[in-house]
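Chains as they are written, first to last, in this note's numbering: chain H, 37 to 418; chain Y, 37 to 418.
Number of protein chains: 2
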Amino acid sequence: MRKRGSSPHTTHLRDKFTQYNREAGFYDCYLYWVNTAQTTDICEFMSRNTVIHSVTADDVAALAGVSRWTVNRAFKKDASISLKSKKKVLDAAAELGYLPDLLAAGLASDKSSLVSLLIDDFSNPYKLLMMERLTRILRTHGWGTILVNTVNNDDATDALLNASQRRVDAAILIGSRYDEAILTAALGARAVRKLIVFGRYSSHPDTISIGCDDVSAMNQIADHVIARGYQRPLFLAGPQTPSAHLLRQDTFLKRWSNQKQEKADYTTVGVYDPKAAYEHVCRVLGALNKNQWPDILVSENDAIAMGAIDAVRYHFGLKVPHDIAVTGFDNAPFADSPNYELTTYRQPISEMAEQLAEVLKGRQLTQKLNHFKGELIIRTSA
Amino acid sequence: MRKRGSSPHTTHLRDKFTQYNREAGFYDCYLYWVNTAQTTDICEFMSRNTVIHSVTADDVAALAGVSRWTVNRAFKKDASISLKSKKKVLDAAAELGYLPDLLAAGLASDKSSLVSLLIDDFSNPYKLLMMERLTRILRTHGWGTILVNTVNNDDATDALLNASQRRVDAAILIGSRYDEAILTAALGARAVRKLIVFGRYSSHPDTISIGCDDVSAMNQIADHVIARGYQRPLFLAGPQTPSAHLLRQDTFLKRWSNQKQEKADYTTVGVYDPKAAYEHVCRVLGALNKNQWPDILVSENDAIAMGAIDAVRYHFGLKVPHDIAVTGFDNAPFADSPNYELTTYRQPISEMAEQLAEVLKGRQLTQKLNHFKGELIIRTSA
DNA sequence: TTGTAGGCGTTATCAC
DNA sequence: GTGATAACGCCTACAA
């Protein structure tokens, strides 16, 4: 509404916006809310109502008869401002429909209140759950989430660079194929301030990794498999990124050999994708003599487990768990569907996301971020 | 690196950054790329490499011996700048590791190159596919996508407001429960500049809706159902938002009555969620006499169809399609899994996303945005 | 508690 | 084709 170059003419603003207010019912609505005690907090009220754009703090200041900086304080919690000033400001803001401009705020404060979320495997349905939680929880703490779909490592580097151009407060990686080189690159030239690996372990020194205790979790699965009396497990591994993801595989194999005094087999699917897992299981089992067949497929996660179940059932015409059992990891969407009834391990993503918010706030952290406990969920697949 | 308040001291910058460049291998790398003709475009090169933050256009200008505005032109395509100046600028930029600040650019130009993507149903796996395409394609056109998870209509209003605070260039709605009131609110006070309803029809005048031709698509499905000789269809409908989504249902019912001279039944699941659909189908079929049972469940989309198949198969112990057939809509992830083998309709989302990018660019549009053609995909479920 | 100066890094516009 | 001026709207730091 205001043209570039025109000086602020706040004397006219009141009239000018009264019209819009009526349209949007903004100020009347606010008074009504206050009267009916639905809220006394203008911020909350405004966050539920429509406003006019292009009203600046100056406009509000003029109408309220205070300085621009006082207006600012009214919108910042824990700011030292008198109740009287605050009320004046909020009234004026409500009338004009003012809301602070986050772009300008970000530029001035060097905090964008934005994070980038990098994902490279949209075929894993678990990502849907992670996105749902992360975006919802981060938003309650004031952060917006830029979702970035990276198709390969070069692309991820590009995305990280772009994130730095946007001055994001952090980049969060929840993909499965990002390697340590990317982390180093992203941090080496401080393109991104905070690099967070979410939902899996990373040993990279300058990276914050938030995840559940994979060792404890996988041991629970292993113990369950042993307790149920399975004899010939085959571990289905995911992407073999340099150091990160061998944890579950190693844990299972170690536990098995410790308990059973014999080695368990494993094979590498390489991608967290049900279809790839399906093909892989068909190929691997197809090449085996029947007497060498596993009686259980221990999968690194649910995406692989689902493909495995499909293969056992539809390609080989066998029954799960009667002929071959299957376990997963994540408790992804569809894990509880009657098609899979997957025995799996649930990570406490909500808790983890809350911790992430604390990390973004720069709080000192007492607890370890890599040892969240989830729960073993026993269904009928194993 | 540069401290607030310190004046630009570009004479030192060259030395200062040489160190970082070596670390990041930035300039050497760039020269190497140019020599090996992997690129002559610094922008492309930089977008694939790490850079130093906090170098401003002024720094680059000083090093290149030109003005700040010339630096800017070098980074803007179609800007009038001599090849010589451009080269100088890009060399300097490469050496310093400069990349334009998008926050500042957004503030100055009133274009954030950001869009908000609002979703309210993360239990529909189709959303995974939409997010994958939208984020990937928008990014190639220069837009970042802020993913917002809205839990109800109030929350969506809040999200739209927040989007306006971020000055997003557009808000894209791909949820299933947003009603017209939200659209009006969002636009009424011009909180958001462009409101785009993606993947479904909206009759709201100030809204741009990009979607496939539901009528033609549903008619294809109806014709397929009729051609296969099914006699008693039951239409499973999704959310009954005011005007938008009855399109598929109405189309099917109309086609059926036109062709068969009798009415088809329908029932409303209300949510695009396989679990809800499962429960609903169990309840509805359970209450029916066997002789009134449908022989095909025509579902408004795949999320519902999947739940329906599960119910038929696991709750009632019947075979799909032998006892009861099922059709879907969307060709969502898992639609092609051996569990479902769903007969469905694929929307051309990539094309639609490309069109969306054109809309964001403000291009004049010749073609209708609501009549994209997809394809009927016939699998074994019907 | 409140007001002031200066700066954040870019872009629109216009003069040369 | 290039340089200069004046925003963009807010925040930090400090003074009153």
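In this text, a Cβ means the ideal position worked out from N, Cα and C, and glycines have one as well.
Beta-bridge annotation (DSSP): Arg382(H) is paired with Asp366(H) and Glu411(H). Listed along chain H, the residues sitting closer than 8 Å to Phe158(Y) by beta-carbon distance are Leu164, Leu165, Met167 and Glu168.
In the DSSP annotation of this structure, the continuous segment of the alpha helix (DSSP H) that includes Asp346(H) starts and ends at Asp338 to Asp346. Every beta strand (DSSP E) of 3 residues or more that sits fully in the segment 167 to 248 of chain H is shown, in chain order, as 180 to 185, 206 to 209, 231 to 234 and 244 to 246. One finds nothing in chain H with a Cβ atom closer than 8 Å to the Cβ of Ala192(Y); even the nearest lies about 10 Å away.
In the same chain as Glu298(H), and ignoring 5 residues on each side of it, no C-beta atom comes closer than 6 Å to its own.
Rounded to the nearest whole angstrom, the C-alpha separation of Gln328(H) and Arg268(H) is 8 Å. Where Phe271(Y) is concerned, the enclosing beta strand (DSSP E) starts and stops at Pro269 to Ala273. Within the segment 339 to 367 of chain Y, the residues whose Cβ lies closer than 7 Å to some Cβ of chain H are Asp346 and Tyr350, listed in chain order. For Val261(H), the enclosing alpha helix (DSSP H) begins and ends at Asp250 to Ala263. Using a Cβ-Cβ cut-off of 7 Å, Thr171(H) is close to Leu183, Val184 and Asn185 of chain Y, given in chain order. Against chain Y, the CB of Gln201(H) has a partner CB under 8 Å away; the residue lies at that interface. About 5 Å separates the beta carbons of Arg213(H) and Asp156(H), which is inside the 8 Å limit, making them a contact pair.
In the DSSP annotation of this structure, the continuous segment of the beta strand (DSSP E) that includes Thr303(Y) starts and ends at Asp301 to Thr304. The beta carbon of Gly142(H) sits closer than 8 Å to some beta carbon of chain Y.
DSSP places Ser335(H) in the uninterrupted beta strand (DSSP E) bounded by Ile332 to Ser335.
Among the bridge pairs identified by DSSP, Leu150(H) is matched with Gly180(H). By alpha-carbon distance to Ala273(H), the top candidate from Lys290(H), Ser245(H) and Ala313(H) is Ala313(H).
Sixteen is the threshold: since fewer than 16 other Cβ atoms of the shown chains lie within 10 Å of the Cβ of Val187(Y), the residue is exposed. Within chain H, not a single residue places a beta-carbon under 8 Å from that of Arg264(Y); the smallest gap is close to 23 Å. Residues of chain H whose Cβ lies closer than 7 Å to the Cβ of Asn108(Y) do not exist, since the nearest Cβ in that chain is about 14 Å away.
Within chain H, Leu143, Gln201, Arg202 and Arg203 have C-beta atoms less than 9 Å from the C-beta of Asp137(Y), given in sequence order. In the three-state scheme derived from DSSP, where H, G and I count as helix and E and B as strand, Ala312(H) is classed as helix. For Arg104(Y), the enclosing alpha helix (DSSP H) stretches over residues Arg104 to Phe111.
Rounded to whole angstroms, the Cβ separation of Tyr266(H) and Ala361(H) is 6 Å, and the two are in contact under 8 Å.
The C-alpha of Val125(H) is placed about 42 Å away from the C-alpha of Pro384(H).
Inter-residue distance for Ser373(H) and Gly343(Y) is about 9 Å (C-alpha atoms, whole angstroms). Just measuring C-alpha positions, the residue of Gly398(H), Tyr302(H) and Ala258(H) sitting nearest Thr379(H) is Ala258(H). Under the 10 Å beta carbon count, Asp137(Y) is surrounded by 16 or more other beta carbons and is classified as buried. Between Arg169(Y) and Asp205(Y), the gap from beta carbon to beta carbon reaches 8 Å or more. Contact check for Cys248(Y) and Lys409(Y): beta-carbon distance about 7 Å, within the 8 Å limit, so the pair qualifies. About 17 Å separates the Cβ atoms of Trp179(H) and Leu135(H), ruling out a contact at the 8 Å cut-off. Residue pairing of Ile360(H) in beta bridges, as defined by DSSP: absent, with no partner found. In this structure, Asp215(Y) places its C-beta atom within 8 Å of the C-beta atom of Asn189(Y).
Close CB contacts of Leu209(Y) within its chain, under the 6 Å cut and outside five residues either way in sequence, are with Leu154 and Val233 (chain order). Proximity of chain H to Ser386(Y) at the Cβ level (cut-off 9 Å) is not reached, the minimal Cβ distance being about 13 Å.
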